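Asker: Quick one: structure below, then a few questions.
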Amino acid sequence: MMGDLQQTARTQSFGQISTTEFRKQFATSCCRPGFHEGSGDHVLNHDIDSGAIKQQESYRDAAVFFGVIERPGGATVLLTRRTETLSSHKGQVALPGGRIDDDDQSPESAALRETSEEVGIGAENIEVLGRLGDYYSGSGYRVKPVIGIIDPGFSLVINADEVAEVFEVPLGFLMDAGNHEIGSAVWNDRERYFYKMPFGKGRNLKPIWGLTAGIIRLVHDRIYG
């Protein structure tokens with residue numbers, strides 16, 4: 083499946099970004115004012131008070147890993163599809179990650195631990211570049227996005243209890259705001275808006291939306307915005 087998606091990327095007009103270019107762009111952007119400003123579902127839903135959101139103590143802390151991989155056709159980002167048996171976000175496209183445990187030393191260590199547990203990529207294959215501001219989700223999570231580079235020589239060991247599929251999407255596609263659509267759905271009797279970035283076609287369609295798309299949009303805004 084990963085090879086199919088990489089072939090799809092080569093036959094469509096995505097701008098190519100290398101990991102070297104991404105690393106330089108990250109280093110430049112992290113010095114700008116506002117780089118560490120967070121985001122959340124409230125950005126597209128203006129009836130939600132962003133100030134009140136950040137003051138809530140009920141949020142569960144989580145970390146996700148936005149991992150960039152060098153490929154001959156341009157850098158890609160590692161994504162997963164969650165199994166249908168999980169209690170939350172079942173079947174959805176996701177970045178590797180999960181709750182921050184009490185014995186995690188930092189959000190970075192939590193993101194690396196979850197990446198290793200879910201897809202078998204260990205810290206020895208990862209270069210952490212840094213972390214963005216918190217993303218507040220409507221599902222009650224305060225998510226800390228960790229950004230890094232994955233050595234392309236990694237081997238996957240998929241945790242079948244959590245991950246149904248692992249695939250890669252071109253970084254150039256995800257960082258192109260022209261591919262960022264806005265969708266909506268009724269939730270708790272209210273219409274809620276969210277980003278979506280559908281990638282591929284037909285059987286290869288990957289519906290990236292919701293929390294994952296919101297975090298990808300945050301990466302775009304802070305690094306390329």
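Per the numbering used here, the very first residue in the sequence shown carries number 83; after that it's consecutive.
Where is the CB? At the ideal position from N, CA and C, for every residue including glycine.
Computed from a predicted structure; not experimentally measured.
Closest to residue 124 by CA distance: which of 221, 204, 99 and 107 is it?
Answerer: 221
Asker: If residue 148 sits next to residue 194, beta carbons under 8 Å apart, how far is it from one beta carbon to the other, in whole angstroms?
Answerer: Not really, about 12 Å apart at Cβ, beyond 8 Å.
Asker: Measure the C-alpha to C-alpha separation of residue 184 and residue 100 and round it to an integer number of angstroms.
Answerer: 36 Å
Asker: Can you name the start and end residues of the alpha helix (DSSP H) that residue 142 belongs to?
Answerer: Segment 142–151 is the beta strand (DSSP E) holding residue 142; no alpha helix (DSSP H) there.
Asker: Under three-state DSSP, which class holds residue 166?
Answerer: coil
Asker: If I follow the unbroken alpha helix (DSSP H) through residue 195, where does it start and stop?
Answerer: Residues 189–201.
Asker: Cα separation between residue 247 and residue 297?
Answerer: Cα to Cα, the separation comes out at about 20 Å.
Asker: Return the Cβ separation of residue 104 and residue 304 in integer angstroms, given the expectation that the two are a contact with Cβ distance under 8 Å.
Answerer: The pair is not a contact, with the Cβ atoms about 13 Å apart (cut-off 8 Å).
Asker: Under the three-state reduction of DSSP, which class applies to residue 229: helix, strand or coil?
Answerer: Three-state DSSP puts residue 229 in a strand.
Asker: Would residue 211 and residue 232 be called neighbours here (beta carbons separated by less than 9 Å)?
Answerer: no
Asker: Would DSSP call residue 236 helix, strand or coil?
Answerer: coil
Asker: Cα separation between residue 234 and residue 150?
Answerer: So the alpha carbons of these two residues sit roughly 9 Å apart.
Asker: Reducing DSSP to helix, strand and coil, say where residue 182 ends up.
Answerer: Residue 182 falls in the coil class under three-state DSSP.
Asker: Out of curiosity, what's the CA-to-CA distance linking residue 278 and residue 175?
Answerer: 11 Å
Asker: Among the residues of its own chain, which have a CB less than 6 Å from the CB of residue 121, if the five just before and after it don't count?
Answerer: Take residue 121, set aside five residues on each side of it, and the residues of its chain with a beta-carbon closer than 6 Å to its own are 217 and 300, in chain order.
Asker: Apart from the five residues on each side of it in sequence, which residues of its chain come closer than 8 Å, Cβ to Cβ, to residue 165?
Answerer: 172, 173, 242, 243, 244, 245 and 246
Asker: Given this structure, state the Cα-to-Cα distance separating residue 129 from residue 200, to the nearest angstrom.
Answerer: Their Cα atoms are separated by approximately 35 Å.
Asker: Residue 259: which of 275, 302 and 203 sits nearest, CA to CA?
Answerer: 302
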